[in-house]
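S.K.: Numbering (the numbering used here), first residue to last: 51 to 265.
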């Protein structure tokens, strides 16, 4: 079973998995959709890369990563199709599929045996062995750690705040500081405020009523 899944070239893994699972999954609607995705991966080339992309998109894998980050506080298993799968097995599957995708990519590039320049630089600067697979991984991780992320290089967004127009002082009209200088005390002396317009008798009558109420 293991050899049949691992062999077969770029589409061999996906094709073997589809053949093995067809009997168990073909009878259900969910199983048929799963088989359709596996068969699509088989026919599109770059089978390991397709499997890796599908694995990275699975929520169970994200749950496994989060559980691993939590350490002893995390869950030891994740549920996959009603089955309990250990977190370590999910991460191991990720590692294996990523390794197959890397092998396929190296074969396609035709540079599987070449030593990358960043690995040679890391060997000179940090003493990392560029000929060892673990050493190349450490060199790449070092390069990633020393290189800012493309998201960090993006310019900060510009926030523009637009205040609503003041209904009392629309744009271009005077404010309280720009009052009419022609308005002065003489306006209070207009005929509307002339003392002669006041009926003194009314005030006298009101005073008499007020005095009577006090008594």
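The beta-carbon is built from N, C-alpha and C at its ideal position, and this holds for glycine as well.
Are the beta-carbon atoms belonging to residue 106 and residue 140 less than 7 Å from one another?
M.R.: Here residue 106 refers to the residue found at position 56 of the chain shown. Here residue 140 refers to the residue found at position 90 of the chain shown. No, the Cβ-Cβ distance between residue 106 and residue 140 is not below 7 Å.
S.K.: With 16 as the cutoff for other CB atoms within 10 Å, does residue 137 come out buried or exposed?
M.R.: One-based indexing of the chain shown puts residue 137 at position 87. Burial call: buried.
S.K.: Would you tell me roughly how many angstroms separate the C-alpha atoms of residue 134 and residue 128, rounded to the nearest one?
M.R.: As a working note, residue 134 is residue 84 in the chain shown. As a working note, residue 128 is residue 78 in the chain shown. When rounded, the distance between both Cα atoms is 6 Å.
S.K.: Quick check: residue 189 and residue 164, are their CB atoms within less than 7 Å of each other?
M.R.: Taking the first residue of the chain shown as 1, we reach residue 189 at position 139. Taking the first residue of the chain shown as 1, we reach residue 164 at position 114. Not closer than 7 Å, so no.
S.K.: Do residue 155 and residue 102 have their C-beta atoms closer together than 7 Å?
M.R.: Position 105 of the chain shown holds residue 155. Position 52 of the chain shown holds residue 102. No, they are not a contact pair.
S.K.: For residue 132, which three-state DSSP category applies?
M.R.: The sequence position of residue 132 within the chain shown is 82, counting from 1. DSSP places residue 132 in coil when its eight states are reduced to three.
S.K.: Would you call residue 78 buried or exposed, if buried means 16 or more other Cβ atoms sit within 10 Å of its Cβ?
M.R.: On the chain shown, position 28 is the one that residue 78 refers to. For residue 78, the pLDDT reaches just 49, beneath the cut-off of 50, and the residue's location in the model is therefore unreliable, although a value from the coordinates is still provided. It counts as exposed.
S.K.: Quick one, which of 123, 97, 122, 153 has its alpha-carbon nearest residue 183's?
M.R.: Taking the chain shown and counting its residues from 1, the one referred to as residue 183 is at position 133. Nearest of 123, 97, 122, 153 to residue 183, Cα basis: 153.
S.K.: With burial defined as no fewer than 16 other Cβ atoms inside 10 Å of the residue's Cβ, what is the status of residue 114: buried or exposed?
M.R.: Against the chain shown, residue 114 aligns to sequence position 64. So residue 114 counts as buried.
S.K.: What does the Cβ neighbour count give for residue 195, buried or exposed, with the cut at 16 atoms within 10 Å?
M.R.: Here residue 195 refers to the residue found at position 145 when the chain shown is read from its first residue. Label assigned to residue 195: exposed.
S.K.: Mapping DSSP to helix, strand and coil, what is residue 209?
M.R.: Indexing the chain shown from 1 puts residue 209 at position 159. Note: residue 209 maps to coil in three-state DSSP.
S.K.: To the nearest angstrom, how far is the alpha carbon of residue 125 from that of residue 132?
M.R.: In the chain shown, residue 125 corresponds to position 75, counting from 1. In the chain shown, residue 132 corresponds to position 82, counting from 1. Their backbone Cα atoms lie some 16 Å apart in a straight line.
S.K.: Among residues of its own chain, excluding the 5 on either side of residue 51, which ones have a beta-carbon nearer than 6 Å to its beta-carbon?
M.R.: Sequence index remark: in the chain shown, residue 51 carries index 1 (1-based). Confidence at residue 51 is low in this model, with a pLDDT of 39, below 50, so its placement is unreliable and the value that follows should be read with caution. Correct list: empty, nothing qualifies.
S.K.: Assuming residue 181 is part of the alpha helix (DSSP H), what are its boundary residues?
M.R.: Within the chain shown, numbered from 1, the residue matching residue 181 stands at position 131. Residue 181 -> no alpha helix (DSSP H), and no H or E assigned at all.
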